[in-house]
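Report on one structure; see the data block that follows.
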Amino acid sequence: MKSIRKSLGAGLALGAAVLVGAGLWSINAQSADKPFGDAASIKYSQDLWAALSKVKLVGANAMADKPYEGQEPHGAILETMETEVTVNGHTGTAVVKRNYGPGGITVQQVSSDPAAHLKAVTVMFKREAGYDADNKNWFWVKFKPDGSLHKNPKGMELAGRVAKGMDKGCIACHSAAGGGDYLFRND
Ligand code: HEC
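Residue numbers (numbering that gives the first Met the number 0): 0 to 186.
Structure, rendered in structure tokens:
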């Protein structure tokens, strides 16, 4: 009788451990499955937007820059700026690209009213070592002009390691930039 009770207890304990283990596993699997568009990346993108607003690269008080004719997929007319900003205590390089459209507009039209033609603000921010060692630790984000996020066709917010492991998207395309730095502007 005693030994039955003992093994029953052990069985229950083991069952509980398996359940807890399974719970932890599914949390880990979830964040591993989602290299971007997860809650932490969305929050980080908001902090990055605030830092970029402060230095007037984005948002209502954004400084004017020199628009130029760009290329797909970014847009007909582009502006690209680079600076250092601090996000959550980490200082890194931020490359900000303002994407203007629709196709067919001119540099002149953008210069005279940038806000009316702004479609997206795509940003690469160099995060701390270990964030994404496979891809030079870049954080990728595609903002709407108001700082909220563009989504991919699957409804995932474009912030984080976009789209790590996939054959399309920011990382896949930028990995083709010369010199292995993921930056086309240095080519
Ligand atoms: C299909 C290829 C492609 C994809 C996908 C792509 N880009 Fe780019 N990106 C480019 C090219 C080409 C340039 C240079 C454009 C120019 O300035 O004329 C560029 C430029 C940039 C720059 C300026 C720095 C540089 O490399 O010159 C940033 C920042 C940027 N992209 C961010 C993003 C983000 C964020 C995403 C994903 C949401 C993304 N890009 C997706 C091709 C791509």
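We put the beta carbon where it would ideally sit given N, CA and C, even for glycine.
Beta-carbon proximity check, glutamate 156 vs glycine 74, cutoff 8 Å: Taking the sequence shown and counting its residues from 1, the one referred to as residue 156 is at position 157. Taking the sequence shown and counting its residues from 1, the one referred to as residue 74 is at position 75. Against a cut-off of 8 Å, the Cβ pair of glycine 74 and glutamate 156 comes out as no contact.
Beta carbon nearer than 6 Å to a non-hydrogen atom of the ligand FMN: Of the ligands this structure carries, namely the ligand HEC, none is the ligand FMN.
Straight-line Cα distance separating lysine 118 from glutamate 83: Locating residue 83 in the sequence shown gives position 84, counting from the first residue. Locating residue 118 in the sequence shown gives position 119, counting from the first residue. Glutamate 83 and lysine 118: Cα-Cα distance of roughly 24 Å.
Burial state of proline 144, where buried means 16 or more other Cβ atoms lie within 10 Å: Residue 144 sits at position 145 when you count from the first residue of the sequence shown. Buried, because 16 or more other Cβ atoms sit within 10 Å of the Cβ of proline 144.
Sub-8 Å separation of serine 44 and valine 140 beta-carbons: If you number the sequence shown from 1, residue 44 lands on position 45. If you number the sequence shown from 1, residue 140 lands on position 141. Yes. Within cutoff.
Coil, strand or helix - phenylalanine 183 by DSSP: What you label residue 183 is simply residue 184 of the sequence shown in a count that begins at 1. The answer is coil: DSSP assigns phenylalanine 183 none of H, G, I, E or B.
The beta strand (DSSP E) enclosing isoleucine 76, as first and last residue numbers: Translated into the one-based positions of the sequence shown, residue 76 becomes position 77. Looking at the DSSP string, the run of the beta strand (DSSP E) that includes isoleucine 76 is 76-86.
Of the listed residues Ala63, Asp131 and Asn98, nearest to isoleucine 76 (C-alpha basis): For the purposes of this step, residue 76 is taken as residue 77 along the sequence shown, with counting starting at 1. Considering only alpha carbons, the answer is Asn98.
Sheet register partners of proline 159 (DSSP bridge): The residue given as residue 159 occupies position 160 in the sequence shown. Strictly speaking, residue 159 in this sequence is glycine, with proline absent from that position. For glycine 159, DSSP records a beta bridge to Phe35 and Trp139.
Beta-carbon gap between arginine 160 and proline 34 smaller than 8 Å: For the purposes of this step, residue 160 is taken as residue 161 along the sequence shown, with counting starting at 1. For the purposes of this step, residue 34 is taken as residue 35 along the sequence shown, with counting starting at 1. Going by C-beta atoms, arginine 160 is nearer than 8 Å to proline 34.
Residue from Gln107, Cys169 and Pro101 whose Cα sits closest to the Cα of asparagine 134: If you number the sequence shown from 1, residue 134 lands on position 135. Closest in alpha carbon position to asparagine 134, among Gln107, Cys169 and Pro101, is Cys169.
For tryptophan 48 and glycine 146, believed in contact at Cβ under 8 Å, the rounded distance: As a first step, residue 146 is located in the sequence shown; it is residue number 147 there, counting from the start. As a first step, residue 48 is located in the sequence shown; it is residue number 49 there, counting from the start. In this structure glycine 146 touches tryptophan 48 by the C-beta definition: roughly 4 Å separates them, less than 8 Å.
Which listed residue (Phe142, Ser174, Pro113 and Lys65) has its alpha carbon closest to that of valine 122: As a position in the sequence shown, residue 122 is number 123, starting the count at 1. The residue with the shortest Cα to Cα distance from valine 122 is Phe142.
Contacting residues, own chain, Cβ-Cβ under 7 Å from isoleucine 104 (five flanking each side not counted): Looking up residue 104 in the sequence shown gives position 105. Within the same chain, isoleucine 104 has close Cβ partners Ala75, Ile76 and His116.
Valine 120: first and last residue of the uninterrupted beta strand (DSSP E) it sits in: The residue labelled residue 120 in the question sits at position 121 within the sequence shown. Run containing valine 120: 117-125, per the beta strand (DSSP E) assignment.
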